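Peer 1: Sequence positions in the sequence shown follow the working numbering and run 303 to 666. Ideal placement from N, C-alpha and C gives every residue a C-beta, glycine not left out. No experiment lies behind these values; they were computed from the predicted model shown.
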Amino acid sequence: MNYRYNIFEINYKKLNLQRIKLTKIRKDMEEKNQVEKKVILSGIQPSGKLHIGHLTGAIKNWVKLQQEYECFYTIVDLHAITVKQNPAELRRRTLETAALFIACGVNPEISTLFIQSFVPEHTQLAWVLNCFTGMGECSRMTQFKDKSAAHSENINIGLFSYPVLMAADILLYQTDLVPVGEDQKQHLELTRNLAQRFNFHYSDTFKIPEPYIEKVGARVMSLQEPSKKMSKSDDNDKATIFLSDTDEEIKSKIKRAVTDSDSVVKMSNEKMGISNLMTLYHIAKNMSFDDIEKEFAGKGYGVFKSAVADAVADYIRPVREKYLDLMNNKKYLEELLTAGAEKARKRAFKTLRKVYKKIGFVQF
Ligand code: TRP
303 MNYRYNIFEI
313 NYKKLNLQRI
323 KLTKIRKDME
333 EKNQVEKKVI
343 LSGIQPSGKL
353 HIGHLTGAIK
363 NWVKLQQEYE
373 CFYTIVDLHA
383 ITVKQNPAEL
393 RRRTLETAAL
403 FIACGVNPEI
413 STLFIQSFVP
423 EHTQLAWVLN
433 CFTGMGECSR
443 MTQFKDKSAA
453 HSENINIGLF
463 SYPVLMAADI
473 LLYQTDLVPV
483 GEDQKQHLEL
493 TRNLAQRFNF
503 HYSDTFKIPE
513 PYIEKVGARV
523 MSLQEPSKKM
533 SKSDDNDKAT
543 IFLSDTDEEI
553 KSKIKRAVTD
563 SDSVVKMSNE
573 KMGISNLMTL
583 YHIAKNMSFD
593 DIEKEFAGKG
603 YGVFKSAVAD
613 AVADYIRPVR
623 EKYLDLMNNK
633 KYLEELLTAG
643 AEKARKRAFK
653 TLRKVYKKIG
663 FVQF
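Have a look at this one:
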């Protein structure tokens with residue numbers, strides 16, 4: 303009896319040792335993986351309601367990227383105040399944007415999702431970078447020129463140094479890749495210049511970020527003027543399918559969408575309205591355009607529009623429901639965002655500390 307017990311004990315110890323060893327190996331591998339995962343950072347302004355075009359473009363990309371990269375996603379409220387904002391609206395939109403991203407599949411347990419103003423290191427680094435940026439560099443920015451033309455009554459210094467704050471967003475996290483659309487390429491170029499300048503002046507401090515060219519998804523056009531991109535700021539509310547729209551709103555907007563006097567469901571440059579509805583059906587049903595043409599051959603626009611309306615409503619419903627759940631549970635949403643900011647700060651603080659040391663600030 304005693305003997306057997308001893309043997310059992312020895313085996314048990316051996317087993318346990320093996321288990322400890324295995325756990326350590328696994329942990330090492332995981333850490334290595336973590337280190338090797340490239341870092342992505344992207345920001346979105348909380349400036350408007352999100353629509354189905356965002357879902358198929360930026361948001362889908364963000365969701366996909368979080369599997370392969372270590373992602374930092376931030377809602378840039380500090381950038382938003384470079385143009386006039388209504389305080390209640392800004393607060394609401396910031397939370398709405400966060401809720402919608404989560405509803406669409408951005409997982410706050412995998413990615414770091416946070417509100418920019420929760421992480422003071424962004425403004426702290428931006429100030430330092432401001433002191434390394436020439437006036438000429440900022441005045442050359444196309445977006446500054448466009449925005450100061452559009453808001454000539456409020457051309458403020460924040461608007462002028464907007465790209466410097468964006469550089470701080472990116473450089474704080476030692477970002478490898480930044481998913482950017484065409485309109486942000488110039489800002490990323492400035493970011494790279496500032497990083498190189500600082501590294502050259504002192505010593506290696508910032509990683510030089512590269513653009514991550516987004517795959518262009520299906521382009522969704524306005525339901526009322528199908529030659530224009532669908533936009534959150536369209537004057538005509540019927541032109542845009544918002545992710546917060548009810549089933550009835552979605553269906554009614556689609557049924558009233560502009561088409562043509564023909565009756566053939568076909569992709570064509572001459573049939574922008576119908577092509578756009580086909581695109582929506584393709585997104586909602588994940589069906590090829592050929593199959594869609596076949597399904598609706600000889601059926602006319604009434605049947606087609608009804609089918610698109612139902613499909614898009616079905617597609618948006620789970621997103622809207624999750625979104626409403628989060629908006630009705632603001633405390634939980636705020637907790638998620640606070641946790642995200644804490645995670646972000648850990649990484650941001652490391653970079654800022656290095657920067658402060660290199661420029662000669664007394665260490666605190
Ligand atoms: N300027 C970007 C835009 O208007 C938003 C943004 C702010 C951003 N900081 C960023 C994008 C950092 C990418 C990385 O779209």
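Taking 7 Å as the cut-off, decide whether the C-beta atoms of residue 385 and residue 347 are in contact.
Peer 2: The count along the sequence shown starts at 1 and reaches residue 385 at position 83. The count along the sequence shown starts at 1 and reaches residue 347 at position 45. Contact: no.
Peer 1: Kindly confirm or deny that the stretch 555 to 568 and the stretch 609 to 623 touch, where touching means at least three C-beta pairs closer than 8 Å.
Peer 2: Yes, the stretch 555 to 568 is in contact with the stretch 609 to 623.
Peer 1: Span of the beta strand (DSSP E) holding residue 514?
Peer 2: Position 212 of the sequence shown, counted from the first residue, corresponds to residue 514. 512 to 515 is the span of the beta strand (DSSP E), which, as asked, contains residue 514.
Peer 1: By a C-beta neighbour count over all protein chains shown, 10 Å radius and 16 as the cutoff for buried, is residue 606 buried or exposed?
Peer 2: On the sequence shown, residue 606 is found 304 positions in, with the first residue counted as 1. Buried, since its Cβ has 16 or more Cβ neighbours within 10 Å.
Peer 1: Short of 8 Å in beta carbon distance, which residues of its chain neighbour residue 471, apart from the five on each side in sequence? Order them along the chain.
Peer 2: As a position in the sequence shown, residue 471 is number 169, starting the count at 1. Taken in chain order, the residues that qualify are 343, 345, 376, 378, 418, 424.
Peer 1: Between which residues of its own chain and residue 528 is the CB-CB distance below 7 Å, once the five residues before and five after are set aside?
Peer 2: As a working note, residue 528 is residue 226 in the sequence shown. 560, 574, 575, 578.
Peer 1: Residue 373 bridges to which residues according to DSSP?
Peer 2: Taking the sequence shown and counting its residues from 1, one reaches residue 373 at position 71. According to DSSP, residue 373 bridges with 342.
Peer 1: Candidates 599, 493, 353: which alpha carbon is nearest residue 564's?
Peer 2: The residue labelled residue 564 in the question sits at position 262 within the sequence shown. Here the closest residue by C-alpha is 599.
Peer 1: Looking at the unbroken alpha helix (DSSP H) that takes in residue 416, where does it start and where does it end?
Peer 2: Looking up residue 416 in the sequence shown gives position 114. Run containing residue 416: none in the alpha helix (DSSP H); it sits in the beta strand (DSSP E), 414 to 417.
Peer 1: Below 8 Å on the Cβ atoms is my contact criterion, and I expect residue 404 with residue 628 to pass it. Report the Cβ-Cβ distance as a whole number of Å.
Peer 2: Mapped onto the sequence shown, residue 404 falls at position 102. Mapped onto the sequence shown, residue 628 falls at position 326. The pair is a contact, with the Cβ atoms about 6 Å apart (cut-off 8 Å).
Peer 1: DSSP state of residue 420, grouped into three classes?
Peer 2: As a first step, residue 420 must be located in the sequence shown, where it is residue number 118. In the structure shown, residue 420 sits in a helix (DSSP, three-state: H, G or I).
Peer 1: Based on DSSP bridge pairs, tell me the residues matched to residue 523.
Peer 2: The residue given as residue 523 occupies position 221 in the sequence shown. Answer is 531.
Peer 1: Three or more C-beta pairs under 8 Å: does that hold for the stretch 357 to 367 against the stretch 489 to 504?
Peer 2: As far as the Cβ criterion goes, the stretch 357 to 367 does not touch the stretch 489 to 504, which means the pair count is below three.
Peer 1: Nearer than 6 Å: is that true of the beta carbon of residue 443 relative to any heavy atom of the ligand TRP?
Peer 2: As a first step, residue 443 is located in the sequence shown; it is residue number 141 there, counting from the start. It does not: the Cβ of residue 443 is nowhere closer than 6 Å to a heavy atom of the ligand TRP.
Peer 1: Could you pull the start and end residues of the beta strand (DSSP E) that residue 479 belongs to?
Peer 2: Taking the sequence shown and counting its residues from 1, the one referred to as residue 479 is at position 177. Counting along the chain, the beta strand (DSSP E) containing residue 479 begins and ends at 479 to 482.
Peer 1: Among residues of its own chain, excluding the 5 on either side of residue 395, which ones have a beta-carbon nearer than 6 Å to its beta-carbon?
Peer 2: Working through the sequence shown from its first residue, we reach residue 395 at position 93. For residue 395, where only same-chain residues beyond five positions count, the Cβ hits under 6 Å are 348.
Peer 1: What separation, rounded to the nearest whole angstrom, lies between the Cα atoms of residue 427 and residue 603?
Peer 2: Sequence index remark: in the sequence shown, residue 427 carries index 125 (1-based). Sequence index remark: in the sequence shown, residue 603 carries index 301 (1-based). For residue 427 and residue 603, the distance between alpha carbons rounds to 56 Å.
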